[in-house]
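> Below: one structure in structure tokens.
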Amino acid sequence: MKRVLSIRRNFVLYLFLLPMLLYVAVFNYAPLYGLQIAFKNFIASEGILGSPWVGFAHFEKFFSSPLFGSLLANTLILSLYQLVVSFPIPILLALVLHYTPGRKLKRITQTATYAPYFISTVVLVGMLLVFFDPTSGVGTQLLRKLGMTNPQLTMDPEAFRHLYVWSGVWQSTGWASVIYIATLAGVSPELHEAAIVDGATKMQRILHVDFPVIIPTAIILLILNCGNVMNLGFEKVYLMQTSPNLAVSEIISTYVYKIGLQGQQYSYASAIGLFNNAINFVILIAVNQAARRLGETSLW
Amino acid sequence: MVVAENPRVRKKIKLTRADTVFNITVRVVAVLALVISLYPLYFVVIASISSPEAISLGKVVFLPKEINFDAYQFVLKESRIWSGYANTIFYTVFGTVFGTAVVLMAAFALSRKELWGRNVIMKLMVFTMFFSGGLIPTYMVVNGLGLVNTRLVLILLGSVSVYNMIIARTFFQNTLPEELFEAAELDGCGTARFFLQIALPLSKAIVAVIALYVAVSHWNSYFTAMIYTTNTKLYPLQLVLRDILILGQSLTNITDASELEAMAERQRIAQIIKYVVIIVSSAPAIAAYPFLQKYFVQGVMIGSVKG
Chain W
1 MKRVLSIRRN FVLYLFLLPM LLYVAVFNYA PLYGLQIAFK NFIASEGILG
51 SPWVGFAHFE KFFSSPLFGS LLANTLILSL YQLVVSFPIP ILLALVLHYT
101 PGRKLKRITQ TATYAPYFIS TVVLVGMLLV FFDPTSGVGT QLLRKLGMTN
151 PQLTMDPEAF RHLYVWSGVW QSTGWASVIY IATLAGVSPE LHEAAIVDGA
201 TKMQRILHVD FPVIIPTAII LLILNCGNVM NLGFEKVYLM QTSPNLAVSE
251 IISTYVYKIG LQGQQYSYAS AIGLFNNAIN FVILIAVNQA ARRLGETSLW
Chain B
1 MVVAENPRVR KKIKLTRADT VFNITVRVVA VLALVISLYP LYFVVIASIS
51 SPEAISLGKV VFLPKEINFD AYQFVLKESR IWSGYANTIF YTVFGTVFGT
101 AVVLMAAFAL SRKELWGRNV IMKLMVFTMF FSGGLIPTYM VVNGLGLVNT
151 RLVLILLGSV SVYNMIIART FFQNTLPEEL FEAAELDGCG TARFFLQIAL
201 PLSKAIVAVI ALYVAVSHWN SYFTAMIYTT NTKLYPLQLV LRDILILGQS
251 LTNITDASEL EAMAERQRIA QIIKYVVIIV SSAPAIAAYP FLQKYFVQGV
301 MIGSVKG
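So the protein lines, in turn, are chains W and B. Position 51 of the first sequence, counted from 1, bears residue number 51 in UniProt numbering, the numbering being contiguous throughout. Position 232 of the second sequence, counted from 1, bears residue number 232 in UniProt numbering, the numbering being contiguous throughout.
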């Protein structure tokens with residue numbers, strides 16, 4: 001009775017909530033319901049409910065497919081490579097900016113390093129393609145001068161991962177450092193003063209004063225990033241794919257797009273997508289548990 | 001034993017040296033970061049007004065060579081770019097208004113303790129951040145609603161984000177004290193009026209942050225349009241750019257025989273055209289960002305507060 005009264009009294013609040021609830025129900029939860037076609041043979045004329053159940057047949061087909069190993073490996077390698085590189089660099093940049101003597105240089109560099117973040121993925125990949133164009137690209141010319149014979153980076157399977165990860169570093173390091181800069185600014189000045197009195201060098205202050213403050217933030221971000229290990233940016237990978245580099249650039253999400261939407265195999269593609277999400281979810285929970293056990297920091 | 005007699009002096013000199021090296025290193029790295037961030041952008045600008053020959057000979061490094069604006073003339077005449085622009089502005093404006101309104105209202109409601117069931121609702125929403133139905137089931141839902149190849153889907157999808165809602169909710173919780181509600185209630189101020197006339201004016205910063213986040217993601221997205229539209233009339237700018245920059249489509253075909261010369265010229269400056277396309281499409285965002293930067297940074301700070 002009390003509940004009913006409370007709901008009635010706050011009727012307007014529920015009205016405020018309604019549009020978002022509807023949105024989430026339609027675009028987030030309805031697809032979860034539709035996910036059952038991963039265990040069915042979807043026939044459009046029968047609808048989701050009418051299509052026959054096939055159990056784990058699509059999953060078995062995927063696991064025994066010759067592509068399974070390479071898709072999984074490509075996804076994980078690219079993702080972990082990106083994680084390992086793009087996790088520490090923003091921390092370094094934040095420390096450098098925090099300790100840069102001279103406000104002007106600091107401010108200009110800060111503004112400049114954010115700039116690439118506002119370039120769209122399409123333009124970023126477009127820039128890579130013109131810079132490393134095999135005949136006229138500046139990047140190609142530079143590599144020739146450095147002694148590389150006939151560099152064709154945009155086609156080269158060996159270059160794909162480096163291009164992907166390092167162009168990402170160029171684009172998002174500045175942005176990713178914002179949160180660390182804010183954290184560093186929050187370090188209590190008394191701690192630094194005490195360290196100075198004790199004769200600590202700036203390097204020692206970073207190690208013993210700043211790091212302990214940064215680490216909880218860093219761990220939270222690391223957990224969140226790990227939770228996205230399998231959710232690599234489809235958008236950028238798809239744009240960077242060329243037929244010669246497909247052997248390393250075909251990842252699970254691009255494959256799902258190709259066989260699902262282009263190839264119309266709805267059920268099979270949904271099963272692969274579900275497999276991908278499930279692994280992702282398990283990794284997120286595992287990393288969160290590990291972080292909770294090791295220290296005080298965790299997402300929940 | 002000389003050392004032991006005067007340890008403090010010796011130590012001090014050593015410290016200064018270590019810190020001098022530190023300061024120099026930090027400065028060098030900062031300048032390096034500055035150059036690495038800006039040079040590729042700068043190069044695109046100078047390449048766009050240089051001649052293709054000068055670029056392929058590697059003569060364009062710091063300054064443009066053989067300055068001309070031929071490529072700009074081709075690009076500015078390209079109707080696809082302009083229709084892409086018009087579409088993107090349309091989707092961005094409506095998507096931002098819709099997304100910001102929906103998110104702020106929900107965030108306000110969920111920031112109130114009187115809302116029975118708010119913890120369950122929050123959990124249900126957060127869950128969607130980590131687990132989704134995936135591409136195909138989402139496509140089937142959109143298709144089932146008859147939204148494929150409509151402008152509506154390009155406005156709706158990607159405009160409402162749980163992440164933005166959490167940021168706004170945290171902000172409301174931290175800036176609107178309980179006493180304010182009580183005082184307003186005593187004065188006979190209803191929920192809707194409180195939200196519009198008291199909460200929003202006190203939260204201008206968060207409104208700006210959310211609106212900017214939604215606007216930028218709409219402006220830069222190509223994925224939704226690629227999946228859900230096949231009608232080129234609906235293409236946003238980013239999809240047009242993809243056709244030109246990535247798939248290497250040439251600008252609108254010239255069939256008139258008298259314009260063959262123009263076609264040959266276009267072939268010659270094909271690469272330059274790409275540089276110009278990059279500039280024409282990214283200029284508004286890059287030009288606006290120094291002014292908007294502080295709001296983005298604010299968003300990150302608010303977002304980092306654990307809600």
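Idealized CB from N, CA, C, for every residue including glycine.
Is Gly299(B) helix, strand or coil by DSSP?
Helix.
> Which complete alpha helix (DSSP H) runs does the segment 192-251 of chain B hold, if anything under 4 residues is left out?
The segment 192-251 of chain B contains these whole alpha helix (DSSP H) runs: 204-220, 223-228, 237-241.
> The alpha helix (DSSP H) spanning Thr217(W) covers which residue range?
Start and end: 211-226.
> Would you be able to state if there are at least three C-beta pairs under 8 Å between the segment 232-240 of chain B and the segment 87-97 of chain B?
Enough Cβ pairs lie closer than 8 Å, so yes.
> In angstroms, rounded to a whole number, what distance separates the CA positions of Thr20(B) and Thr100(W)?
Straight-line Cα distance between these residues: approximately 12 Å.
> Please confirm whether any heavy atom of the ligand NAP lies closer than 7 Å to the CB of Glu193(W).
The model on display carries no ligand, and the ligand NAP is accordingly not part of it.
> Please name the residues in the segment 230-255 of chain W whose beta-carbon is closer than 8 Å to at least one beta-carbon of chain B, in chain order.
Here the close residues are Phe234, Glu235, Leu239, Ser253.
> Any beta carbon of chain B sitting closer than 8 Å to that of Gln152(W)?
Gln152(W) does not count as touching chain B.
> Let me see if you follow: with CB-CB separation under 8 Å, is Phe27(W) close to chain B or not?
It does: the Cβ of Phe27(W) has a partner Cβ on chain B nearer than 8 Å.
> When you check each C-beta in the segment 269-281 of chain W against every C-beta of chain B, which residues fall closer than 7 Å?
Going along the segment 269-281 of chain W in chain order, one finds Ala269, Ser270, Gly273, Leu274, Asn277, Phe281 with a Cβ nearer than 7 Å to chain B.
> What did DSSP end up calling Lys59(B) once you bin it into helix, strand or coil?
Three-state DSSP puts Lys59(B) in coil, outside helix and strand.
> For Trp53(W), write down the residues that DSSP places opposite it in a beta bridge.
Trp53(W) is bridged to Lys40(W).
> Between which two residues does the alpha helix (DSSP H) holding Gln171(W) run?
Start and end: 157-185.
> From Ala168(B) to Gly55(W), what distance separates their C-alpha atoms?
If I take the Cα positions, the gap works out to 42 Å.
> Could you run through the segment 28-57 of chain B and flag, in chain order, every residue whose CB is less than 8 Å away from some CB of chain W?
Residues passing the 8 Å Cβ filter: Val29, Ala30, Val31, Ala33, Leu34, Ile36, Ser37, Leu38, Pro40, Leu41, Phe43, Val44, Ala47, Pro52, Ile55, Ser56.
> First and last residue of the alpha helix (DSSP H) that includes Asp70(B)?
Counting along the chain, the alpha helix (DSSP H) containing Asp70(B) begins and ends at 70-76.
> How about Glu114(B): is its C-beta nearer than 8 Å to some C-beta of chain W?
Taking Cβ atoms only, chain W reaches closer than 8 Å to Glu114(B), which makes this a yes.
> Let me know the secondary structure DSSP gives Asp19(B) once reduced to three states.
It is helical.
> Tell me which residue opens and which closes the alpha helix (DSSP H) that Gln289(W) is part of.
Here the alpha helix (DSSP H) through Gln289(W) covers 266-294.
> Quick one: what's got a C-beta closer than 8 Å to Leu163(W)'s C-beta in the same chain, skipping five residues either side?
If we look at Leu163(W) and ignore the five residues flanking it on each side, its Cβ neighbours are Leu128, Phe132, Leu153, Thr154, Met240.
> So, for Leu115(B): in the same chain, excluding its five sequence neighbours on each side, which residues have a beta-carbon less than 7 Å away from its beta-carbon?
So the list reads Ala109, once near-sequence residues are dropped.
> Got a sec? Which residues, its chain only, sit under 8 Å from Ile67(B) by beta carbon, not counting five neighbours each side?
So the list reads Ile49, Ser50, once near-sequence residues are dropped.
> Please state if the CB of Ile278(B) and the CB of Asp70(B) are separated by a distance shorter than 8 Å.
Against a cut-off of 8 Å, the Cβ pair of Ile278(B) and Asp70(B) comes out as no contact.
> With H, G and I counted as helix, E and B as strand and the rest as coil, what does DSSP make of Asn174(B)?
Asn174(B): helix per DSSP, three-state reduction.
> Whole angstroms is fine: what's the gap from Leu154(B)'s alpha carbon to Leu22(W)'s?
Between Leu154(B) and Leu22(W), the C-alpha separation is close to 17 Å.
> I'd like the list of long-range same chain contacts for Met125(B), defined as Cβ closer than 6 Å, with 5 residues on each side in sequence excluded.
Around Met125(B): Val162.
> Using 8 Å as the Cβ pair cut-off and three pairs as the minimum, do the segment 185-202 of chain B and the segment 40-60 of chain B touch?
No: fewer than three Cβ pairs fall under 8 Å.
> In this structure, does DSSP put Ser86(W) in helix, strand or coil?
Here Ser86(W) sits in helix by DSSP.
> From Val276(B) to Val75(B), what distance separates their C-alpha atoms?
The straight-line gap from Cα to Cα measures roughly 7 Å.
> With the cut-off set at 8 Å, would you say Leu232(W) and Thr75(W) are in Cβ contact?
It is a contact, given that the beta carbons lie within the stated cut-off.
> How big is the Cα-Cα spacing for Ile285(W) and Thr191(B)?
If you take the alpha carbons of Ile285(W) and Thr191(B), they lie about 38 Å apart.
> By the DSSP assignment, the alpha helix (DSSP H) with Phe108(B) in it spans what residues?
Its alpha helix (DSSP H) spans residues 79-110.
> Beta carbon of Leu13(W), beta carbon of Arg27(B): below 8 Å?
Cβ distance not < 8 Å, so Leu13(W) and Arg27(B) don't count as in contact.
> Using 10 angstroms around the beta-carbon of Gln110(W), count the other beta-carbons present and answer buried if the total reaches 16, otherwise exposed.
Its Cβ being crowded by 16 or more others within 10 Å, Gln110(W) is buried.
> For Glu46(W), count neighbouring C-beta atoms within 10 Å of its own C-beta (all shown protein chains included) and say buried if the count is 16 or more, exposed if not.
Exposed: under 16 other Cβ atoms inside 10 Å.
> Given that Tyr23(W) touches chain B, what residues does it touch there, using C-beta distances under 7 Å?
Chain B residues near Tyr23(W): Val102, Val160.
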